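I have placed the structure first, in the form of structure tokens, so that the comments after it can refer back to it.
Numbering (our numbering), first residue to last: 113 to 291.
As structure tokens, this is what we get:
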């Protein structure tokens with residue numbers, strides 16, 4: 113995990129008659145969590161590269177998990193801390209011939225959606241499941257570049273959903289009763 117940058121602090125002076133009072137205002141930057149699956153790490157890590165091209169790296173905490181299947185639980189746990197405005201999770205799930213990768217991919221995407229709904233924090237998926245993937249230099253180069261693009265798209269989506277959610281007025285002490 114990367115070290116956090118100290119919150120930006122600005123000082124303002126408030127004049128109260130003959131007395132000036134210095135007031136510190138702390139402006140903490142918005143935090144984002146980024147989860148990376150370690151399978152195909154050389155490709156998956158490129159999504160983080162794209163993500164931090166849009167959102168400054170010092171606002172992103174990075175977490176590694178063994179594989180895609182572990183991402184939903186980690187996403188939920190991170191979202192529930194209250195530290196993050198959004199969580200992104202990246203993985204490459206390919207057909208390894210041993211198991212049905214489409215079942216794993218579906219479970220991961222469903223789990224990420226559930227983590228977002230349960231926590232109330234946006235959870236974004238950069239989980240890709242190609243129909244055709246071969247561990248050749250050509251395919252790996254294609255997917256490395258594609259993950260950079262998908263990382264940028266996830267960052268743009270994170271910024272948009274955070275801004276949109278902040279613009280929604282939250283009801284204050286509204287109580288709805290059924291008569």
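C-beta: ideal position from N, C-alpha, C; glycine also.
Note that the coordinates shown come from a computational prediction; the quantities given were computed from them, not determined experimentally.
Exercise for the section: Could you tell me which of 151, 259, 142, 214 sits nearest to residue 173, measuring between CA atoms? Expected result: Start at 1 with the first residue of the chain shown, and residue 173 comes out as number 61. Residue 173 has its Cα closest to that of 142, out of 151, 259, 142, 214.
Exercise for the section: Pick helix, strand or coil for residue 205, following the three-state DSSP scheme. Expected result: Position 93 of the chain shown, counting from 1, holds the residue named residue 205. The answer is coil: DSSP assigns residue 205 none of H, G, I, E or B.
Practice task
Note down, in chain order, each residue of its chain lying with its Cβ closer than 7 Å to the Cβ of residue 261, except the 5 sequence neighbours on either side.
Solution key: Looking up residue 261 in the chain shown gives position 149. The answer, listed in chain order, is 162.
Practice task
Could you work out which residue in 218, 201, 214 is closest to residue 156 when comparing CA atoms only?
Solution key: Here residue 156 refers to the residue found at position 44 of the chain shown. For residue 156, the nearest C-alpha among the options comes from 201.
Exercise for the section: Indicate whether the contact test is met: 3 or more Cβ pairs, each with one atom in the stretch 214-230 and one in the stretch 172-192, closer than 8 Å. Expected result: yes
Problem - Contacts around residue 216, its chain only, beta-carbon distance under 7 Å, and the 5 residues preceding and following it disregarded - result: Against the chain shown, residue 216 aligns to sequence position 104. If we look at residue 216 and ignore the five residues flanking it on each side, its Cβ neighbours are 180, 181, 205.
Handout entry: Between the CA atoms of residue 203 and residue 151 - distance to the nearest angstrom
Key = Position 39 of the chain shown, counted from the first residue, corresponds to residue 151. Position 91 of the chain shown, counted from the first residue, corresponds to residue 203. Spanning the two alpha carbons is a distance of roughly 7 Å.
Exercise for the section: Report buried or exposed for residue 191, applying the criterion of at least 16 other Cβ atoms within 10 angstroms of its Cβ. Expected result: Along the chain shown, read from residue 1 onward, the residue named residue 191 stands at position 79. The residue in question, residue 191, is buried, as its Cβ has 16 or more Cβ neighbours within 10 Å.
Practice task
Give the secondary structure of residue 280 by DSSP, where H, G and I count as helix, E and B as strand, and everything else as coil.
Solution key: For the purposes of this step, residue 280 is identified with residue 168 of the chain shown, where counting begins at 1. If DSSP states are grouped into helix, strand and coil, residue 280 belongs with coil.
Exercise for the section: Pick out whichever of 272, 277, 266 has its Cα sitting closest to the Cα of residue 164. Expected result: Within the chain shown, residue 164 is the residue found at index 52, counting from 1. When only C-alpha atoms are compared, the closest one is 266.
Practice task
Mind listing, in chain order, the continuous alpha helix (DSSP H) runs of no fewer than 4 residues lying wholly within the stretch 209-265?
Solution key: 213-231
Problem - Cβ shell of residue 159 (< 6 Å), same chain only, five flanking positions each side left out - result: The residue you call residue 159 lines up with position 47 of the chain shown. Contacts found: 202, 238, 259, 262, 263.
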